[in-house]
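Under the working numbering, the sequence shown has 69 at position 58, and the numbering climbs by one with no breaks.
Heads up, the beta-carbon is just placed ideally off N, CA and C, and yes, glycines get one too.
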Amino acid sequence: PALVLPSGGGWGYGDFVLDRASSEQMLRALPRMDDPLLRGSAWVTLWDAMVGDRLAPARFFDLGLSAATVESDEQLAETMLADLRLTWWHFLTPQQRIARAQRLETTLRRGLASAPTATRKAAWFRELYRTATTAAATQWLCEVWAQRVTIAGLPLAEADYTRLALELAVRESKGCRDILEAQAGRI
C-alpha cells in the first residue's frame, strides 16, 4: 500500500507512529483524500506526529494552511484552523511566524471571503483575529471593530466586538486604549 493509517476507520485512537514512507505519502495525499473520516484520522495522526517531534511544525503548518482552503467538511475545517492557530503560537518560532504571516493572513482573508455559510465565515474570521500580526491585518481588524468595514454574510455580535477589542489591545495596535474604553462603553 501507498501508506498505512492505523486509525483510518475512526474506531480507535492512539499515538500511531508512522513509518517514513507512510508519513511522506500522507503529507502529500491528505488534501486529496475523498473520505472526510479518513482525512480527519490522517490530520490527527499528523498532529500527533508534530506534537511528538516527529514532524517539523513548519511543515505541518504549511500543509494545514493548504488543506484548510480546500476542506469540504465543516467540522474538520474548523479543527484544522484551530490546530493551525495552536501551531502558530506554540510550535513555530518567531522567525517562522514572520516568514509565514503574510501568507497566513491572505489565506484567512480569502477563506473568509469565499466561505459559503456564516458559521464557516466565523471560523475563518476567528482565526484571522487570533493570529494576525502584520500592520495591514491589524489595521483592517481595527476598521472592522470600528464598524467602518463589514464582512458580507457574517453578522457580528457584541461578544465578537469585545473579543476583537481584546485581540487588538494584546497587539498594542494604534489607539488600543481608546478601543478598550469604547468597547467597555458599548457593553
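- prompt: Which residues bound the alpha helix (DSSP H) around Thr145?
  reply: Taking the sequence shown and counting its residues from 1, the one referred to as residue 145 is at position 134. For Thr145, there is no enclosing alpha helix (DSSP H), as DSSP marks it with neither H nor E.
- request: Below 8 Å CB to CB, which residues in the same chain sit around Val160 once its five sequence neighbours on both sides are set aside?
  value: Numbered from its first residue, the sequence shown carries residue 160 at position 149. Here Val160 has Trp151, Glu154 as same chain residues with Cβ atoms under 8 Å from its own Cβ, once five neighbours each way along the sequence are excluded.
task: Jot down the residue ranges of each uninterrupted alpha helix (DSSP H) in the segment 21 to 47, minimum 4 residues, whole runs only, in chain order.
output: The segment 21 to 47 contains these whole alpha helix (DSSP H) runs: 31 to 40.
task: Return the CA-CA distance between Glu35 and Ala60, expressed in angstroms with no decimal places.
output: Reading the sequence shown from its first residue, position 24 is the one you call residue 35. Reading the sequence shown from its first residue, position 49 is the one you call residue 60. Using only the alpha carbons, I get a separation of about 12 Å.
query: Should Trp54 and Leu66 be called a contact, given that it needs their Cβ atoms to be closer than 8 Å?
result: Here residue 54 refers to the residue found at position 43 when the sequence shown is read from its first residue. Here residue 66 refers to the residue found at position 55 when the sequence shown is read from its first residue. At least 8 Å separates the beta-carbon of Trp54 from that of Leu66.
query: Which two residues bound the contiguous alpha helix (DSSP H) that contains Ala195?
result: If you number the sequence shown from 1, residue 195 lands on position 184. DSSP places Ala195 in the uninterrupted alpha helix (DSSP H) bounded by 187 to 197.
query: Thr56: buried (16+ other C-beta within 10 angstroms of its C-beta) or exposed?
result: Position 45 of the sequence shown holds residue 56. So Thr56 counts as buried.
query: What do you reckon, are the CB atoms on Thr145 and Arg108 nearer than 8 Å?
result: Within the sequence shown, residue 145 is the residue found at index 134, counting from 1. Within the sequence shown, residue 108 is the residue found at index 97, counting from 1. Annotated as distal: Thr145 and Arg108, with beta-carbon spacing of 8 Å or more.
- request: Tell me where the alpha helix (DSSP H) around Ala78 begins and ends.
  value: Position 67 of the sequence shown, counted from the start, is the residue given in the question as residue 78. Per DSSP, Ala78 belongs to the alpha helix (DSSP H) from 68 to 81.
- request: Report the rounded CA-to-CA distance for Val15 versus Met91, giving the unit in angstroms.
  value: As a first step, residue 15 is located in the sequence shown; it is residue number 4 there, counting from the start. As a first step, residue 91 is located in the sequence shown; it is residue number 80 there, counting from the start. For Val15 and Met91, the gap between their C-alpha atoms comes out near 21 Å.
task: Confirm, please, whether the CB-CB distance from Glu178 to Ala134 is below 8 Å.
output: As a first step, residue 134 must be located in the sequence shown, where it is residue number 123. As a first step, residue 178 must be located in the sequence shown, where it is residue number 167. The Cβ-Cβ distance between Ala134 and Glu178 does not fall below 8 Å.
query: What is the rounded straight-line gap between the Cα of Glu192 and the Cα of Leu48?
result: Indexing the sequence shown from 1 puts residue 192 at position 181. Indexing the sequence shown from 1 puts residue 48 at position 37. The alpha-carbon atoms of Glu192 and Leu48 are separated by roughly 46 Å.
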